[in-house]
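Enquirer: Once you've had a glance at the structure underneath, I'll fire off some questions.
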Amino acid sequence: MKIGIDFGTSFSLPAAMINGNPATLLHSGQYGLPSVFYYDNSQGILIGIPAEDQGDRHPDNIVRNIKMEISNPNQKTYQLDGKTFDKKKIVGHIFREINQVALEGIEYQQLMSQEIDGAVVSVPAAFTLRELNFIRDAAQEEAGLKVLGFIREPVAAAIAYFNAPAGEDDKTILVYDLGGGTCDVAIVRSDKNSSEWYKVIDSEMLRIGGRDWDKLLGELIKRKCREQEPAIKFNARAENKILKAAIKAKHQLSRLERYESYVEVGGDDYDFEITRAEFEKITSELLQDTMRMVDKLKQNCSTKIDYIVLVGGSSNMPQVRKAFEKNYPGIEIKIFEPEKAIAFGAAIYAEHLTEESFLHDICKFSYGARYIQDFSRYKDYNRLRIYNIIYKGDELPTSGESNSSKVRDGLSSTYIAVYESECTDEVYMPEDGTYIGEIEIHGIEGSRKGDETLLTMTIDKSGLMKLEAIDKRTGKSSNVEIHLEGY
Ligand SMILES: Nc1ncnc2c1ncn2[C@@H]1O[C@H](COP(=O)(O)OP(=O)(O)OP(=O)(O)O)[C@@H](O)[C@H]1O
Ligand SMILES: [Mg+2]
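Below, the structure is given as structure tokens:
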């Protein structure tokens, strides 16, 4: 069977279609899997709740929020209890555990099909090509789980919303997904009777999520402790306790106006009290940043928005609904399966992957290339400009071609560097984009000035890239699925 996976910054969740409806694949009593990795020499690798538990005792051995570290070039490996772990391995272990949780769920629900053929994985709205490749490789190479495709998280949530019994067709919704690490927004239209059933009008993302609210609340709790004991010191264990206390307080403040508790630091207990108003005040900038993104998207959208749909665990905070009510008084707000909508949408999409008309999403970045005809001799290749081939906003799947001519006789190789950017100009300088990979043709004999190299670039429905380069005169070609290392 095909499954959908919401690989979240804080929680991951597998889901599948069961009797025509999406359902989470969990054993009874399970709520999703904390995306947490732990290692020590005596217990080995732990994932999820056992990892969280051990992390309380040995906070240096725990890795949280790894999804947000994928694109951090300064965090390639982790040292845990003297052992080095590659980032991709850690993500792979989490996927292996998600796969295991899904298999237990399949068994528990006594489903006919016992095998997992592959998964659609949801990703934030503007994850880069490198991040997508990284996740795919981690799941496939480290966990043996085939990634059938990707879907943008708010788009998945939109599909789940429309697919639910109460979801009406011929409507346009704005989905706001505030999770643990990112805030994702998408405007999606559903029209079953058109050639584009689900159409993404626009989407955007900020790397802001519940963990940023946790950080600010943790700092507030620390300030309150310091007021009681100015010389207080917070070591790794205390920091971990503060974080846990902050998360607990945050969750309670979604229900209560006022929260009282204590935290133990260095053998002493410190009482604290936090009001919801106080919490909302110290985090208002975060919320405002996300609301500005919503505003921009909404202003660029000429289609009338019928509903605002709030998903993601952090949308449980009353401040989110309040902000929407204040900013968009005329639009009805719905909270829809905050924890499950994305996994549901990924599971639904997994069943419709090959249907041309099912989902129409757009490319989040522009992709361009620069050619170096004679790499060994070219001194200042950083000054070579990038020519865009695929543009941000193009409908997926999409492909484009570009041609370059040899500048003199006898050049035996062509090297093409590929860039990703937000830039929609035809030409731009390399520093305005990100180098993402390369393709090379060598061993071209007897080449002459003016010989052409044709590059074909394709981005599939999942946002993944394929490249093909051909030396037109000799027919010599190179074919690569772009593989990105070095994150
Ligand atoms: N009742 C609640 N009140 C406030 N915050 C909550 C509540 N329930 C969950 N959260 C927060 O929601 C976040 C997790 O939400 P979710 O599972 O949607 O995120 P994720 O999918 O792991 O992250 P992302 O989508 O950003 O990668 C955590 O920060 C968690 O503390
Ligand atoms: Mg999420």
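Read left to right, the sequence shown gives residues 1305 to 1791 (the working numbering). Ideal Cβ placement from N, Cα and C applies to all residues, glycine included.
#1: Using 10 angstroms around the beta-carbon of residue 1570, count the other beta-carbons present and answer buried if the total reaches 16, otherwise exposed.
#2: Following the continuous beta strand (DSSP E) through residue 1318, name the residue where it begins and the one where it ends.
#3: Rounded to whole angstroms, what's the CA-CA distance from residue 1486 to residue 1511? Just pull it up for me.
#4: Do residue 1654 and residue 1310 have their CB atoms nearer than 9 Å?
#5: Please return the same chain residues whose Cβ sits closer than 8 Å to the Cβ of residue 1554, not counting the five positions on each side in sequence.
#6: Who pairs with residue 1638 in a beta bridge, going by DSSP?
#7: Around the Cβ of residue 1461, are there at least 16 other Cβ atoms within 10 angstroms (buried) or fewer (exposed)?
#8: Shorter than 8 Å, the distance from the beta carbon of residue 1368 to the closest heavy atom of ligand 1, or not?
#9: Should residue 1380 be labelled buried (16 or more other beta-carbon atoms within 10 Å of its own) or exposed?
#10: Going by beta carbon distance, what residues of the same chain come within less than 6 Å of residue 1503, once the five residues before and after it are set aside?
#11: What would DSSP say about residue 1752, mapped onto helix, strand or coil?
#12: Nearest CA to the CA of residue 1751: which residue from 1760, 1731 and 1709?
#13: Note down, in chain order, each residue of its chain lying with its Cβ closer than 8 Å to the Cβ of residue 1691, except the 5 sequence neighbours on either side.
#14: Where does residue 1562 sit, in a helix, a strand or coil, going by DSSP?
#15: Please report how far the alpha carbon of residue 1791 lies from the alpha carbon of residue 1410, in whole angstroms.
#16: Report yes if the C-beta distance between residue 1405 and residue 1478 is below 9 Å; otherwise report no.
#17: Using only the alpha-carbon positions, how far apart do residue 1714 and residue 1769 sit?
#18: Report yes if the C-beta distance between residue 1317 and residue 1766 is below 9 Å; otherwise report no.
#19: Would you kindly report the start and end of the unbroken alpha helix (DSSP H) that includes residue 1589?
#20: Return the CA-CA distance between residue 1615 and residue 1780, expressed in angstroms with no decimal places.
#21: Taking the alpha-carbon positions, what's the residue 1625 to residue 1330 distance?
#22: I need the boundaries of the beta strand (DSSP E) containing residue 1479, first residue and last residue.
Expert: With the structure as the only source:
#1: Mapped onto the sequence shown, residue 1570 falls at position 266. It counts as exposed.
#2: Counting from 1 along the sequence shown, the entry for residue 1318 is found at position 14. Per DSSP, the continuous beta strand (DSSP E) segment holding residue 1318 begins and ends at 1315 to 1322.
#3: If you number the sequence shown from 1, residue 1486 lands on position 182. If you number the sequence shown from 1, residue 1511 lands on position 207. About 4 Å.
#4: Within the sequence shown, the letter at position 350 stands for residue 1654. Within the sequence shown, the letter at position 6 stands for residue 1310. No, Cβ-Cβ distance for residue 1654 and residue 1310 is not below 9 Å.
#5: Translated into positions along the sequence shown, residue 1554 becomes position 250. So the qualifying residues of the chain are 1514, 1517, 1518, 1521, 1583 and 1621.
#6: What you label residue 1638 is simply residue 334 of the sequence shown in a count that begins at 1. For residue 1638, which the question treats as bridged, DSSP gives the partners 1613.
#7: Translated into positions along the sequence shown, residue 1461 becomes position 157. Result: buried.
#8: As a first step, residue 1368 must be located in the sequence shown, where it is residue number 64. No - ligand 1 has no heavy atom lying nearer than 8 Å to the Cβ of residue 1368.
#9: In the sequence shown, residue 1380 corresponds to position 76, counting from 1. Classification for residue 1380: exposed.
#10: Locating residue 1503 in the sequence shown gives position 199, counting from the first residue. So the list reads 1493 and 1664, once near-sequence residues are dropped.
#11: Counting from 1 along the sequence shown, the entry for residue 1752 is found at position 448. In this structure, DSSP gives residue 1752 a state outside helix and strand, which the three-state scheme calls coil.
#12: The sequence position of residue 1751 within the sequence shown is 447, counting from 1. Ranked by how close their Cα comes to the Cα of residue 1751, the residues 1760, 1731 and 1709 have 1709 in first place.
#13: Stepping through the sequence shown from its first residue, residue 1691 is reached at position 387. The residues are 1672, 1673, 1674, 1706, 1730 and 1731.
#14: Along the sequence shown, read from residue 1 onward, the residue named residue 1562 stands at position 258. Here residue 1562 carries a strand assignment [DSSP, helix/strand/coil].
#15: Counting from one through the sequence shown, the residue named residue 1791 turns up at place 487. Counting from one through the sequence shown, the residue named residue 1410 turns up at place 106. Legend: pLDDT at residue 1791 = 49, less than 50; position of this residue unreliable, no value from coordinates given.
#16: The residue labelled residue 1405 in the question sits at position 101 within the sequence shown. The residue labelled residue 1478 in the question sits at position 174 within the sequence shown. No, they are not a contact pair.
#17: Looking up residue 1714 in the sequence shown gives position 410. Looking up residue 1769 in the sequence shown gives position 465. Computed Cα separation, rounded: 31 Å.
#18: Stepping through the sequence shown from its first residue, residue 1317 is reached at position 13. Stepping through the sequence shown from its first residue, residue 1766 is reached at position 462. Result no, Cβ atoms of residue 1317 and residue 1766 do not sit closer than 9 Å.
#19: As a first step, residue 1589 is located in the sequence shown; it is residue number 285 there, counting from the start. Element bounds for residue 1589: 1588 to 1603.
#20: Working through the sequence shown from its first residue, we reach residue 1615 at position 311. Working through the sequence shown from its first residue, we reach residue 1780 at position 476. Taking the Cα positions, residue 1615 is about 50 Å away from residue 1780.
#21: Locating residue 1625 in the sequence shown gives position 321, where the first residue counts as 1. Locating residue 1330 in the sequence shown gives position 26, where the first residue counts as 1. Cα to Cα, residue 1625 sits roughly 29 Å from residue 1330.
#22: Walking along the sequence shown from the start, residue 1479 turns up at place 175. Run containing residue 1479: 1475 to 1482, per the beta strand (DSSP E) assignment.
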